[in-house]
Each structure stands twice: as structure tokens, then as C-alpha cells.
Amino acid sequence: MKGPLFYSKILLFGEYGIIKDSKGLSIPYNFYKGALKSDANASKEAMKSNESLEAFAAYLKKLTKKEPNLVSFDLDLLKADIAAGMYFDSSIPQGYGVGSSGALVAAIYDKYAHDKITVLENLTREKLLKLKVVFGKMESFFHGKSSGLDPLNSYLSLPILINSKDNIESTSIPSQNAEGKGAVFLLDSGIVGETAPMVQIFMEQMKNDGFRKMLKNQFIKHTDACVEDFVNGNIQSLFGNLKQLSHVVLDNFKPMIPAKFHELWKNGIDTNDYYLKLCGSGGGGYILGFTEDFEKAKTSLKDYKLEVVYNF
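312 is the number that full-length UniProt numbering gives the last residue of the sequence shown; the numbers go up by one with no jumps.
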């Protein structure tokens, strides 16, 4: 048995901000993927994944009891498949901010949900919001609190524009320019990040009046501007806003940036060779980079592994 593939995602803009109603833009990233699988000779990883699925199935049973009108699953089939050794075979790195749990949630919903909303039907805003709520409740098993966006992106495999909490739409983004010098890239921090503790730090900081003001007047303002620029292909304006955003993150989200990257982050802003921002909740995993000249960025960041996600 091998199920359909579900891809990783990258939240280009909106990390933390979308908790407080900023805009956001999330795109599928087909480099990493996962699928539900069963085979006779299970590896150690497969057995670990199988155990995790068992716990997830128990959680879904509770969820459907608590909210029967929201979603229901064929739990008997799910249990039988898990008992037969089903696991999630995935190349998506965990704790890297590219949506490893999101792809798993999408795969389980796709295979076991009753009356599921499919990609083939007319995806009205209501349907997208319903999917987001369902996925948020499902993914809470892994993170404590989830917006549902990662699984939504993985399930639909389309770029998603978040206008506000209750207003999301699938969108198109400008086609990549294969010959372009500019790029969005991932920088591997070499450290696994944990989502829950980072979100906890953010929630603690939100109790501080100054932090809340900064979030609204600077962080969200620049995030929204970057989303608009990216979707509309205003590259020059985008890089001006990215510089500001990178600065605000360095000044106010230090705990989410691994200490050894503070200098590298500042260097990008000072030289304009590249601008870094958080990819997901931070604390490790990938850091997202934007540059107008990838060759120059590569030279500046020669000690690090970079992966291009999108070419300008």
C-alpha cells in the first residue's frame, strides 16, 4: 500500500503575525514529501511513526466525540491499517518549519475523513475556512495550537493567501524566472527547532504592551506590505519592505533566532547581500532568505547549505 504524496510547505510571510491577524502567504514546496505506507519489513523509523499514528488515532477518536458536527473519520479502517503496520513515510525534516506534521494531517484527512472536501470541487471561502478549522484541530495534537494552514497548504498543493483569520483564498503567485538572479532560499541552521516552546515565548511577550505595539505598528505592517508586493510582483518595493521586516525580527524576536545567527542576520541587513527572516516558528530548523543576487548571497553565506525555493 502506498497513498498519494503530500508536500511540505513554506510560509513565506506571516509567521507569528497571523496569530494576530496579519496577512500571510504560504506556498507548497515540492522538494520534500510524505505518504502513508505499509510494507512488511518495517524499519525502526517506520515503527516509531506507526506508534505515533496510534496515539494520533486515539486523539482523533476523542476529537470526533467532542465535535461530531465538525468532522468524522472511518476510525475502524484507520485502526486496522495502523494494526497492519501503516506509517507515514516522509522526507520532510521535522522541526524545520516546513510542515512535517501538516503533510501527515493532510494524508490522514484525505484517506479517512467522511464527507471530505476535495480539491476538485469549487473551493469557496467557506469550504477553505472549514478545512482550516478541521486541520487546526487535527494538528493541535502535534503542536498544542495550530492555525491549520500547514495541512491546508499540503492538502491543496496551492499557494494560499491569508488576508485575515476568517478570509483566506487560494492564489496565484508570479511565475518563477528561471534566468533571474534573485531568489528565495532556505538556510539550514543545523539545529532542530521546537514549535511549542517558541509559541510559548511569543505568547508571554504578547503580555507586554510595548511588544504588542511593535507587532501591530511594525511587524504586521511590514509583513502585510511584503505579501502585497510578492503577490503583485513588485520586486523593488518587496526588498525595501523585507529589509525593514528583517530588522524588526532581529530587534524583537531574538529568542527565536539561534544565537550564532544574530551576526549573520545583521550582516545581511548591513551589506544588502541578503535578508533573513524566520521560517515557521524559529528556534532552529530553516531560516528563510531573500536576495536580489543569489551568487552574491552564496559567497556571503559560503559556510552554510542553501536551497533555492523560488527564483525572481
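Note that the Cβ used here is the ideal one computed from N, Cα and C, for glycine as well.
| task | Have a look at A107, V98, S140, V119 and flag the residue whose alpha-carbon is nearest the alpha-carbon of L63. | result | S140
| request: Give, in chain order, every unbroken run of the beta strand (DSSP E) that is at least 3 residues long and sits entirely within the region 250-307. | output: Taken in chain order, the unbroken stretches of beta strand (DSSP E) that lie wholly in the region 250-307 and span 3 residues or more are 275-278, 286-291.
| request: Taking the CB atoms as reference points, tell me whether G284 and Y274 lie closer together than 8 Å. | output: no
| task | Could you tell me whether the region 91-101 touches the region 170-184, where touching means 3 or more Cβ pairs closer than 8 Å? | result | no
| Length at least 3, wholly inside the UniProt domain "GHMP kinase N-terminal" (85-150): the beta strand (DSSP E) runs in chain order | 87-90
| message | Here's the rule I'm using: 16 or more other beta-carbon atoms within 10 Å means buried, otherwise exposed. How should V15 be labelled? | response | Note that residue 15 corresponds to Glu in the displayed sequence, not to Val. By the neighbour-count rule (16 or more Cβ atoms within 10 Å), E15 is buried.
| message | Using the three-state DSSP reduction, which class does S49 fall into: helix, strand or coil? | response | Secondary structure of S49 (DSSP, three-state): helix.
| Is DSSP giving Y155 helix, strand or coil here? | helix
| request: Using only alpha-carbon positions, find the residue among D251, D110, A196, L301 that is nearest to L152. | output: D110
| task | Just confirm the distance between the C-beta atoms of L53 and Y87, as a whole number of angstroms; I'd bet it's less than 8 Å. | result | 7 Å
| said: Bridge partners for G34 per DSSP, in chain order? | reply: F6, S90
| query | If you compare alpha carbons, which of L5, W265, I18, G193 is closest to I220? | reply | Ranked by Cα distance from I220, the first of L5, W265, I18, G193 is I18.
| query | Where N267 and D166 are concerned, what is the direct C-alpha to C-alpha distance, given to the nearest angstrom? | reply | 38 Å
| request: Go through its chain and collect everything with a Cβ distance to Q218's Cβ below 7 Å, but skip five positions before and after it. | output: Once the five neighbours on either side are set aside, the close Cβ partners of Q218 are V248.
| said: Using the three-state DSSP reduction, which class does V71 fall into: helix, strand or coil? | reply: coil
| field | Exposed unless 16 or more other CB atoms sit within 10 angstroms - verdict on I168 | value | The residue is buried, with at least 16 neighbouring Cβ atoms inside 10 Å.
| Spatial distance of G24 from A40 (CA atoms) | 42 Å
| field | A183: first and last residue of the uninterrupted beta strand (DSSP E) it sits in | value | For A183, the uninterrupted beta strand (DSSP E) run begins and ends at 183-188, by DSSP.
| Quick one: what's got a C-beta closer than 7 Å to A84's C-beta in the same chain, skipping five residues either side? | S38
| query | Just how far apart, CA to CA, sit D303 and G190? | reply | So the two alpha carbons sit approximately 12 Å from each other.
| query | If you draw a straight line from the alpha carbon of A196 to that of G144, how long is it in whole angstroms? | reply | Looking at the backbone, the Cα of A196 and that of G144 are separated by about 7 Å.
| said: Please tell me whether S281 and V199 are closer than 8 Å, where the distance is taken between their beta carbons. | reply: The answer is yes: Cβ separation under 8 Å.
| Going straight from the alpha carbon of T124 to that of K130, what length do you get? | 10 Å
| message | Quick check on DSSP: helix, strand or coil for E204? | response | helix
| message | Just verifying my parser: in three-state terms, what is the DSSP assignment at I191? | response | coil
| said: Quick check on the burial criterion: 16 or more other C-beta atoms within 10 angstroms. Buried or exposed for S100? | reply: buried
| query | From which residue to which residue does the beta strand (DSSP E) around I168 run? | reply | 167-170
| If you check the beta carbons only, do N177 and N311 fall under 8 Å apart? | N177 places its beta carbon less than 8 Å from that of N311.
| said: If I follow the unbroken beta strand (DSSP E) through I162, where does it start and stop? | reply: 160-164
| Beta-carbon proximity check, Y112 vs D74, cutoff 8 Å | yes
| request: May I ask which residues mark the beginning and end of the alpha helix (DSSP H) holding E228? | output: Run containing E228: 220-232, per the alpha helix (DSSP H) assignment.
| task | Give the secondary structure of Y59 by DSSP, where H, G and I count as helix, E and B as strand, and everything else as coil. | result | helix
| field | N217 in three-state terms, based on DSSP | value | helix
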